[in-house]
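For the protein sequence lines, the chains are G and F, in the order given. The first sequence begins at 515 in my numbering and counts up one residue at a time. The second sequence begins at 515 in my numbering and counts up one residue at a time. Glycine included, every Cβ here is placed at the ideal spot set by N, Cα and C. To start, the structure itself, in structure tokens.
Number of protein chains: 2
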Amino acid sequence: MPRKTKANSDLSTEEKIKEAARKVFTQKGYAATRTRDIAEAAGINLALLNYYFRSKQKLFEIVMSEKIQKYFGVLAPVLNDASTSLETKVETIASKYIDLIIENPELPLFVLSEVRNNPEHFIKLIEKIDFLNQSVFLQQIAQKRPDIHPFHFLISLLGLCLFPFLMKPALLRIANLKEKAFTDMMLERKKLIPVWMKAMLKTKSVLPVI
Amino acid sequence: MPRKTKANSDLSTEEKIKEAARKVFTQKGYAATRTRDIAEAAGINLALLNYYFRSKQKLFEIVMSEKIQKYFGVLAPVLNDASTSLETKVETIASKYIDLIIENPELPLFVLSEVRNNPEHFIKLIEKIDFLNQSVFLQQIAQKRPDIHPFHFLISLLGLCLFPFLMKPALLRIANLKEKAFTDMMLERKKLIPVWMKAMLKTKSVLPVI
DNA sequence: TCAATTATTAATCATTTGATTAAAATATTT
DNA sequence: AAATATTTTAATCAAATGATTAATAATTGA
């Protein structure tokens, strides 16, 4: 067993493994990742992986937890801030989210894939974001557009931010973009999305009243 | 070798395997799928899989090709129709796409994951949609909004259609939706998205002129 | 310093898994 | 029906892979 009791000066091995795991898992997904890949990427002996983290699964869960926290942690405080306007929230979310994902471009697809493959791992994490239902953000939307389910707008906002990163490989090829040009476009979207969302919230009602 | 020369009355075995492969591959992704899973789902002996399709990889490529064709095949004719307005195109795409995905809800994530894991498999297929660059659709957008890269709008449109399906598992849980309610929301989006896109295309310019 | 603890390594295990083989069953042709 | 071709099955192989073990090295605490 690895010791955890003592303040060990050199955390590097354990951290190296986690770092490598983050990288390989996010790149290839759980099933396609071999523990040997992680060991190699970390520059450590394969057995050390099991020494520090019992199993591939355990290591994955740790890395995953952190990722999800990062993924949704950005949202929570913004969405529940009663002191800011809806418009401000949209601006903040678009800006923070796009920045976050520019630095973790593989995160969205990774999370979505793994939620699909192992939904049970995410029950706890999803419970953490149950606050969303009662969030100030959704209330503000509902107030402005009582005719449309507020989740329509939340999904749209997230989709406008995230989807380009999901399409990135295809996009680079089809639109003939370089990495830099793609990033620039995503930075542009930080300005575009709030404007778009504002316009979307203003549109006339088209859904039948029930 | 399976014979292919003769008009065999009973295609069922080969087709059963493909059907099962479609299902299991799209549900779990390539790496997490075991040929035994497919065989079991198809109710056939494992060896038959290799008898009809040499290898897991070959079977996957066949199934994949068909899926992608379906995925992008809907777009092509619509995007290149010079006789319809931009608005009409947006309506048609939103409507057709959402219908398509309601019937293949796992398709988007499957395609995106596999493009990530094996981009080389998709080079040919991506070449097929190179027409997009010169498509009437993009030209119409560029004409209406010369200040914004037309791909911004294409991505947004696709994102608004597809992203809810990617988020579906989380959404059902968080928004407390049932399957039916989710589908209804997606049908609503067929009306909402064209209205939204129209509003987005009308917004005032916010990007700096270069 | 030296015993005890912790970390690391190489070798190996056991299971999973894609694929093959040889024999049996079924269908087709003559 | 006999011969031939095709399909299906059970058994098995070989490689990959997650995990363990036993020995060694390094570190720590007395």
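Residue of the options minimising C-alpha distance to residue i
i         : options                                       : result
VAL709(G) : LYS682(F), VAL538(F), ALA689(F) and LYS718(F) : LYS718(F)
GLN583(G) : ALA713(G), LYS705(G), LEU560(G) and LEU621(G) : LEU621(G)
LYS658(F) : SER609(F), LYS694(F), SER599(F) and PHE539(F) : SER599(F)
CYS675(G) : LEU560(G), GLU533(G) and MET711(G)            : MET711(G)
ILE662(F) : LEU626(G), LEU672(G) and LEU701(G)            : LEU701(G)
THR540(G) : ALA656(G), LYS705(G), ALA608(G) and SER627(G) : SER627(G)
PRO591(F) : SER579(F), TYR611(F), LYS572(F) and LYS581(F) : TYR611(F)
PHE636(F) : LYS705(F), MET578(F) and LEU573(F)            : MET578(F)
ARG630(G) : PRO619(F), ILE643(F) and LYS704(F)            : PRO619(F)
ILE643(F) : PRO660(G), ARG687(G), GLU641(G) and ASN647(G) : ARG687(G)
Under 9 Å between C-beta atoms of residue i and residue j
i         : j         : result
ILE669(G) : LEU685(F) : yes
THR549(F) : ASN564(F) : yes
LEU589(G) : LEU652(G) : no
LEU623(F) : PHE679(F) : yes
THR527(F) : ILE576(F) : no
ILE616(G) : LEU671(G) : no
LYS537(F) : ALA561(F) : no
ALA545(F) : GLY673(G) : no
PHE677(G) : PHE586(F) : no
ASP595(F) : LYS704(F) : no
With 16 other Cβ atoms within 10 Å as the buried cut-off, status of residue i
i         : result
ALA521(F) : Residue confidence is low: ALA521(F) scores 32 on pLDDT, short of 50, so the model does not pin down where it sits. No coordinate-derived value is stated.
THR602(G) : exposed
PHE645(G) : exposed
GLU605(F) : buried
LEU721(G) : exposed
GLN654(G) : buried
PRO664(F) : buried
ARG517(F) : Its pLDDT being 46, under 50, ARG517(F) is placed unreliably by the model, and the measurement read from it follows with that caveat. ARG517(F) comes out exposed.
ALA695(G) : exposed
SER649(F) : buried
ALA535(G) : buried
LYS716(G) : exposed
LYS682(F) : buried
ALA730(F) : Residue 730(F) falls outside the range modelled here, since chain F spans only 515 to 724, and no answer is possible.
ILE531(F) : buried
VAL723(F) : exposed
LYS581(F) : buried
Start-to-end residues for the alpha helix (DSSP H) that takes in residue i
i         : result
GLY673(F) : 664-680
ASN564(F) : 560-567
ASP698(G) : 693-716
PRO622(G) : 621-631
PHE539(G) : 526-542
SER609(F) : 600-617
THR549(F) : 549-556
SER597(G) : No alpha helix (DSSP H) holds SER597(G); DSSP gives it neither H nor E.
ALA546(G) : ALA546(G) -> no alpha helix (DSSP H), and no H or E assigned at all.
Residues in the region 613-640 of chain G having any Cβ partner in chain F nearer than 7 Å: LEU623, LEU626, SER627, VAL629, ARG630, ASN631, PRO633 and ILE640
Contact residues within the region 524-557 of chain G, judged by C-beta distance below 7 Å to chain F: LYS542, GLY543, ALA545 and ALA546
Near-chain G residues of the region 598-614 of chain F - C-beta to any C-beta below 8 Å: none
Chain G contacts made by the region 657-678 of chain F, where a contact means CB separation under 8 Å: ILE662, HIS663, PHE665, HIS666, ILE669, SER670, LEU672, GLY673, LEU674, LEU676, PHE677 and PRO678
Interface residues of the region 579-593 of chain F facing chain G [CB-CB below 8 Å]: none
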